[in-house]
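Numbering (our numbering), first residue to last: 1 to 115.
Cβ coordinates follow ideal geometry from the N, Cα and C atoms, glycine included.
In this text, all values refer to a predicted model and were calculated from it rather than measured experimentally.
So the structure is just underneath, and the comments pick up after that.
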């Protein structure tokens, strides 16, 4: 009875992480842009009037539409640059979480009203 040793470690395969990293970082960028566009629309009458794409929703329609456009453009650029590459996910996820945290703080009224 010759038993072969059982391996306790799973075989890890390397695969490119660039596409996933691009999506994660672009989400952080997009969330920050929602906050920045909202602050800009609140503080400037000219920007507020530019952001009204659909009158019943007011400037929120332009804020979200522009933020989505920035999100998609940044995702496309990052995907183009990082496709097929091994990107370290830890700093990318950290940056995305920091951007998300900043955007959350900037949409909190007491902080947003400081600008």
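Which of helix, strand or coil does DSSP assign to residue i?
i, result
"residue 18", "helix"
"residue 101", "helix"
"residue 62", "helix"
Going by alpha carbons, who is nearest to residue i out of the options?
i, options, result
"residue 75", "36, 41, 26", "26"
"residue 72", "17, 18, 23, 14", "23"
"residue 97", "15, 18, 31, 14", "31"
"residue 68", "29, 112, 19", "29"
"residue 65", "78, 36, 88, 85", "36"
"residue 39", "60, 21, 53", "60"
"residue 53", "46, 62, 45, 47", "62"
"residue 112", "20, 89, 42", "42"
"residue 108", "47, 34, 91, 90", "34"
Please classify residue i as buried or exposed, where buried requires at least 16 neighbouring CB atoms within 10 angstroms.
i, result
"residue 101", "exposed"
"residue 56", "exposed"
"residue 130", "Because residue 130 is not part of the residues shown, which for the chain are 1 to 115, the question remains open."
"residue 80", "exposed"
"residue 103", "buried"
"residue 78", "buried"
"residue 99", "buried"
"residue 18", "buried"
"residue 45", "exposed"
Go to residue i, then tell me how far its alpha helix (DSSP H) extends in each direction, as first and last residue.
i, result
"residue 111", "109–112"
"residue 47", "45–50"
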